[in-house]
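Have a look at the structure below before the remarks.
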DNA sequence: ATATTTGTTCGTAATTTCACGAACTACGAA
DNA sequence: TTCGTAGTTCGTGAAATTACGAACAAATAT
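Protein chains in written order, with our numbering: chain G, 8 to 117; chain B, 8 to 117.
Right, here's the structure in full:
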């Protein structure tokens, strides 16, 4: 049995989504989109403490990870969640996060 | 109003947890611990396609992020979830992931 | 006392991430 | 056509990530 197979595609996908969420700016954008359906990157630039080229990189990462999608609404770009993949992220990450916590045999860290 | 304040401590904490989950090996370990209460790093080394020093680094990252804790059980080390922080991760990430998906005005990506 | 087991730390190297400013593209408005 | 607005891409640099093997530390076993 190949060692590598222990890591399933689901582990990889879940990790990919988690990695995309692994930055405060990107977490902010995702939270916003989970609550407000869409946003414009211009508005984000005005609010966030980074310049537009940096924001563009973060949005690209979210796009590459499949979590958001952009639609041209000239001259701006409207962003919203990629619903299909967002559901997958909910499922994959939820499977891990929402598993009932077991009684562990490690001493508690107070 | 300071731009930087837009990013809350909760965004930062959630991103920190997500980042720690953002690698297939670490995702595997967390999934294992969410289902089986504890594990030994020696057993992981035998199963995972990385050498022990690399595994040690990944476990350290999970520890530094607060998601797991280790207890010496000489000559081995027993790892389990840090329940308190795991619950926090469930809450913070759940708040974002489990928000009901809104009807978006972006065209669907089929 | 010496060897074995278990895991961490160190040194190294390749790659990726993050951030910025400057330059560029695309579009609509004047 | 020329100008302004909205974003992306490019070039750069600093720092972090990922991985490995070698060396080390700590405890147990022989």
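Think of the CB as a built atom: it goes at the ideal place given N, C-alpha and C, for glycine as much as any other residue.
Chain G places a beta carbon closer than 8 Å to that of residue 13 of chain B, counting this residue as a contact. Rounded to the nearest angstrom, the gap between the Cα atoms of residue 46 of chain B and residue 66 of chain G is 37 Å. Between residue 21 of chain B and residue 99 of chain B, the C-beta gap is smaller than 8 Å, which places the two residues in contact.
Here the C-alpha atom of residue 52 of chain B lies approximately 41 Å from the C-alpha atom of residue 57 of chain G. Counting along the chain, no beta strand (DSSP E) covers residue 32 of chain B; the unbroken alpha helix (DSSP H) around it starts and ends at 31 to 43. Annotated as proximal: residue 27 of chain G and residue 74 of chain G, with beta-carbon spacing under 8 Å.
Here DSSP, grouped into helix, strand and coil, assigns residue 62 of chain B to helix. With respect to the C-alpha of residue 43 of chain B, the residue from B/91, B/102 and B/85 having the closest C-alpha is B/85. Cα atoms of residue 107 of chain G and residue 41 of chain B: separation of roughly 8 Å, rounded to the nearest angstrom. Apart from the 5 residues on each side of it in sequence, residue 25 of chain G sits with its Cβ closer than 7 Å to the Cβ of 100 in its chain, given in chain order.
One alpha carbon belongs to residue 76 of chain B, the other to residue 70 of chain B, and they sit about 6 Å apart. Of all residues in the region 82 to 94 of chain B, only 85, 86, 87, 88, 89, 90, 91, 92, 93 and 94 place a beta-carbon less than 9 Å from a beta-carbon of chain G. Here the C-alpha atom of residue 37 of chain B lies approximately 13 Å from the C-alpha atom of residue 62 of chain B.
The Cβ atoms of residue 18 of chain B and residue 82 of chain G lie no closer than 8 Å to each other.
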